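For the sequence shown, the residue numbers in my numbering are 1 to 304.
Please read the structure below before turning to the comments.
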Amino acid sequence: MERGEYEPPRPAVTLAEAIDRYEREVLPSKRGAAQERYTLKAWRASALGRCSLATIKAADVAQARDKRLQEVSSGSVRRYLDTLSAVFEVAARDWEIVTANPVRAIRKPPNGRPRERRLLPGELERIIAASESPDFPAIVTLAAETAMRRSEILGLEWRYVDLRKRLVTLPLTKNGDSRTVPLTRKAVEVLSTLPRRIDGRVFDKNGTSLSGAFQRAVLRARRSYERERSEAGATAAEIGQDGYLCDLRLHDLRHERVSALVEGGFSLIEVAAISGHKTMQCLKRYSHVRPTHLVAKLDVMGSR
1 MERGEYEPPR PAVTLAEAID RYEREVLPSK RGAAQERYTL KAWRASALGR CSLATIKAAD
61 VAQARDKRLQ EVSSGSVRRY LDTLSAVFEV AARDWEIVTA NPVRAIRKPP NGRPRERRLL
121 PGELERIIAA SESPDFPAIV TLAAETAMRR SEILGLEWRY VDLRKRLVTL PLTKNGDSRT
181 VPLTRKAVEV LSTLPRRIDG RVFDKNGTSL SGAFQRAVLR ARRSYERERS EAGATAAEIG
241 QDGYLCDLRL HDLRHERVSA LVEGGFSLIE VAAISGHKTM QCLKRYSHVR PTHLVAKLDV
301 MGSR
């Protein structure tokens, strides 16, 4: 102690207890808290959740990473690790429960390939028809018409909606900036039919339930489509090889709109102003121009 080398023992706090405190003190002020809370739930229920925070080593986190990679995509595992890293950073810097963040010492899996799923003719209409929630058609239509994120649509307030000017202002977005989104005539039509809520919000939904509702609607639409194909004489093998209404996610609607804007002749700067992407590299991951569109554009230009 005289030489200053003695370090008093730190309190034995488990990862689950640290997560509980993180959710109480840190998470409420963060954007995207719902998604992070979902990931924290998985860490709390894991084998590491019962371990003392000070005893968790890089090798333990690496083992959890490898196990998770067998269950979900590499992109999901990166977010999984980022959440745990955030807990350790706060525990080390603010709470002084640990001295280091073991997540920083391990390799993160590479980013997964960007999704290239584009909507096929009639898919969106079938999904909307298969919905069971009264707000679902309006939410899904706005997602397809505006390229807004799920959280941006669910957080809409009427005071920021100007139907006359066909503009929606988003005061705080995922990247921390505000953004004004132009509305198509169809988007204005959808918003005009919605009843006004007393609390001023446009919708009363949370992100987790909306994603689940979308997946259930896709599944019902696919089953209906399979029945139609079967009744028309298609074999089970033919139906099974058909990718119609398969592998669709709610976020794909944002990809679809961004890609459609690029195909429609909007410049990348104009598309970024609508979608809110801050870099052209990130925007590139979202825009997937159909090869048939490129062929048609070559025909318009003429042979040279």
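Note that beta-carbon positions come from the ideal geometry of N, C-alpha and C, so glycine has one too.
None of the values given here were measured: they were computed from a predicted structure.
Worksheet entry | Element boundaries [beta strand (DSSP E), containing T180] | Working through the sequence shown from its first residue, we reach residue 180 at position 180. Per DSSP, T180 belongs to the beta strand (DSSP E) from 179-182.
Item to complete: Identify, in the order they occur along the chain, each residue of the same chain with its Cβ nearer than 6 Å to the Cβ of L156, setting aside the five sequence neighbours on each side.
Response: Position 156 of the sequence shown, counted from the start, is the residue given in the question as residue 156. For L156, same chain residues with a beta-carbon under 6 Å away, outside a window of 5 residues either side, are V202 in chain order.
Worksheet item: Could you give the residue range of the beta strand (DSSP E) that holds V168?
Response: Counted from its first residue, the sequence shown places residue 168 at position 168. It spans 167-170 - the beta strand (DSSP E) in which V168 sits, taken as one unbroken run.
Worksheet item: Out of V271, E125, V98, E2, which has the shortest C-alpha to C-alpha gap to A379?
Response: Within the shown structure, residues of the chain are numbered from 1 to 304, placing residue 379 beyond reach of any answer.
Worksheet item: For the putative contact between V190 and T141, defined by C-beta atoms under 8 Å, what is the C-beta separation to the nearest angstrom?
Response: Residue 190 sits at position 190 when you count from the first residue of the sequence shown. Residue 141 sits at position 141 when you count from the first residue of the sequence shown. Beta-carbon to beta-carbon, V190 and T141 are separated by about 5 Å, close enough to satisfy the 8 Å threshold.
Item to complete: Starting from V161, follow its DSSP beta bridges and name the residues at the other end.
Response: Here residue 161 is taken as the residue at index 161 of the sequence shown, counted from 1. Note: V161 sits in a beta bridge opposite V168.
Worksheet item: Quick one: what does DSSP say S267 is sitting in, helix, strand or coil?
Response: For the purposes of this step, residue 267 is taken as the residue at position 267 of the sequence shown. Secondary structure at S267: coil, using DSSP grouped into helix, strand and coil.
Worksheet item: Taking the DSSP output, what are the residues bridged to R201?
Response: As a first step, residue 201 must be located in the sequence shown, where it is residue number 201. Listed as beta-bridge partners of R201 by DSSP are E157.
Discussion item. On a Cα-Cα basis, can you pick out the residue from G264, P291, S85 that is closest to L15?
Written reply: Position 15 of the sequence shown, counted from the first residue, corresponds to residue 15. Nearest option by C-alpha distance: S85.
Discussion item. So within the region 96-161, which uninterrupted alpha helix (DSSP H) runs reach at least 4 residues, ignoring any that extend past its ends?
Written reply: Taken in chain order, the complete alpha helix (DSSP H) segments of 4 residues or longer contained in the region 96-161 are 123-129, 136-146, 150-154.
Discussion item. So the candidates are R50, E36, D94; which of them puts its Cα closest to the Cα of L81?
Written reply: Taking the first residue of the sequence shown as position 1, residue 81 is located at position 81. Here the closest residue by C-alpha is E36.
Fill in: Inter-residue spacing [alpha-carbon to alpha-carbon] between E123 and W43
The residue labelled residue 123 in the question sits at position 123 within the sequence shown. The residue labelled residue 43 in the question sits at position 43 within the sequence shown. C-alpha separation (whole angstroms): 36 Å.
Fill in: Straight-line gap, E270 to M280 (C-alpha atoms, nearest Å)
For the purposes of this step, residue 270 is identified with residue 270 of the sequence shown, where counting begins at 1. For the purposes of this step, residue 280 is identified with residue 280 of the sequence shown, where counting begins at 1. Straight-line spacing of the CA atoms in E270 and M280 works out to 11 Å.
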